[in-house]
Amino acid sequence: MKIRSFIFTLLASPIMCGYAQTNQVTELIENYRYREAIRLLEVFPQSIDNLLLMADCYQQVNDYNPALQIYDSLSVCYPENRNILMAGAECAYQSGNPDLSLAYWQKMNTLSPDNLFLQTRLAVAYYRAEDWQGTIRASEEVFKQDSFPMLLRMAGDAHINLNDGVGLVYYMKAFEKDPADHLALRNLCDFYYSMQLYDTVVTLTDQYLSGINSDHKSIGQLNGMALYSSGNYRKAIERLQRNVELRDSSYTTTYFLGMSYYASKLYFDATKWLDIAYRKATPEPDVNLLYYYGTSLSRTFDRKKGIAVLDEGVDKIGKIQEMLFDYEVSLAVAHQRSKLLSKAIGYYQSAFKRRPQTYSILYNIASVYDEMEDTEGALSYYERFLKTAPAEFNVDGEPVAQSELEKLTSSELYYRAAAQRVTELQKKRFFDQRKK
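Structural data, given as structure tokens:
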């Protein structure tokens, strides 16, 4: 029997009404014996209080499905009971189902649409479900009555995710309302850092570190990054070393600490920290780290390892070059299909420079010029393409019977099509010149 109908039957039956022996259940819960408490509650009358207590016990042992089934059943029987809806919302979020949690908060909000607390929780639920438009809409309702710093920051995140250019305003408002909100500060400074406004980042993080929390690792790390990026390597080293003392051995901290030493030409210290960053890099080190770590090694005690690391960087660059060819061909095709023909030619030409043995690109460029009705450009590239044909292949441009075409490979078909198109374009050019 499904738990919903089972609970509904029990709740509807006056015979089954009653209370659990609270002292026994309480004792089990106080001793963290939640499974035993559940087994005991299963044999007691299925009152709302007992069912809610059972659901909470399931949550304590991270067994969310039976807890959610209880909340779902109770919410059907008592659709206006806010305690049930709120408990179901929290359980759904803990279970990793933010959409279901949002649905519960939406139900509660319809019961009390003007309740500021419920409006705020609804906005948070939209945010957790990554519904950015819903986050902004619900947040704006709250802002009509109050401007909570946390909600201002979340609204800023929503605007950033929608890339509408408004997010920074909300981060600034959040930080103005609560200068101790390190998350708002971090988001604000991340934006300034991405805009290369390093001095602004240094100023804001310095104020926080000197006035609120001198040992905040995340803000300290950002301060060190900005100091390095603005060229103040000595202060960057001091700040990032402090982070290390605070047991921050993250990739970012060790990388920028190593880079600060490298920029100061202190290669032994640079090697130490870049080595840690190298080992922490996931999924693998990038080319910048490989270059500076390899160079640092080659300037200190382990030139052999330095060469190996630099070779690793060269291999990675080679792979990137291969990927860039594929990207540029795809971009060319996409632009051609979008009728952005000049851009398509640019991407095809760039791809051909990377891999000049891929002769089919010459045909593609010719076809784009052909589509643009640029006869000279099309002829130039068709003819360049035909020069790459095997010596034994006939490219005279004369029509070929269907039976013969079926015997040709795909490459031979392209050569045949190019030859035929050259003949047609030459005739067209001849008649066009005669008209003049």
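Position 415 of the sequence shown, counting from 1, maps to 401 under my numbering, and the rest follow consecutively.
C-beta: ideal position from N, C-alpha, C; glycine also.
From the options, residue whose alpha carbon lies closest to that of residue i
i: P376; options: L365, T395, D360 and S366; result: T395
i: Y184; options: G210, I198, K203 and L275; result: G210
i: G244; options: L232, E270, P269 and S215; result: S215
i: F338; options: A318, Q55, T12 and D356; result: A318
i: I198; options: T189, E224, A212 and P165; result: P165
i: I223; options: A256, S196 and H202; result: A256
i: I70; options: L54, D85, N83 and V300; result: L54
i: E116; options: T96, R340, M140 and L39; result: M140
i: Q119; options: G151, R68, H145 and Q45; result: H145
i: I351; options: D192, G151 and R370; result: R370
i: H321; options: K373, Y237 and V354; result: V354
i: Q80; options: D58, L208, Q45 and I34; result: Q45
Limits of the alpha helix (DSSP H) - the one that residue i falls within
i: M40; result: I34 to Q46
i: H168; result: H168 to S180
i: E126; result: W118 to F129
i: S396; result: S396 to K421
i: M358; result: Neither: M358 is in no alpha helix (DSSP H) and is coded neither H nor E.
i: Y328; result: In the sequence under discussion, the amino acid at residue 328 is Ser, which differs from the Tyr named in the question. That run of the alpha helix (DSSP H) goes L327 to R340.
i: D261; result: Y253 to K266
i: G151; result: Unbroken run through G151: none, as it is neither H nor E.
i: I293; result: R289 to R323
i: E76; result: R68 to Q80
i: P52; result: Y50 to C63
i: T344; result: Element bounds for T344: n/a, residue is neither H nor E.
i: E224; result: Y219 to E231
Chain-order list of residues whose beta-carbon lies under 6 Å from that of residue i (same chain, five-residue window excluded)
i: L174; result: Y157 and F161
i: S284; result: G292
i: Q131; result: L102
i: V47; result: Y20
i: E314; result: Y333, S336 and A337
i: D42; result: none
Proximal residues to residue i (C-beta, below 7 Å), its chain only, five neighbours per side dropped
i: T361; result: L411, K414 and R415
i: V295; result: L276, Y279, G280 and L283
i: S204; result: H168 and R172
i: S98; result: L104
i: K163; result: S133, P135 and L138
Residues near residue i in its chain [Cβ-Cβ closer than 8 Å; skip 5 each side]
i: F379; result: E398 and Y401
i: W259; result: T240, Y241, L243, G244 and Y247
i: Q307; result: R340
i: I(-11); result: Only weak support exists for where I(-11) lies, its pLDDT of 36 falling under 50; the value from the coordinates is given anyway. Cβ within range, chain order: P52, Q55, I56 and S59.
The ligand ATP heavy atom lying under 7 Å from the CB of residue i
i: S324; result: The ligand ATP is not part of the structure shown, which contains no ligands of any sort.
With a threshold of 8 Å, are at least 3 pairs of Cβ atoms found where one atom belongs to the segment 15 to 30 and the other to the segment 53 to 62? These segments do not touch.
When the Cβ atoms of the segment 246 to 254 are set against those of the segment 263 to 272, are three or more pairs found closer than 8 Å? Output reads no: the segment 263 to 272 does not touch the segment 246 to 254.
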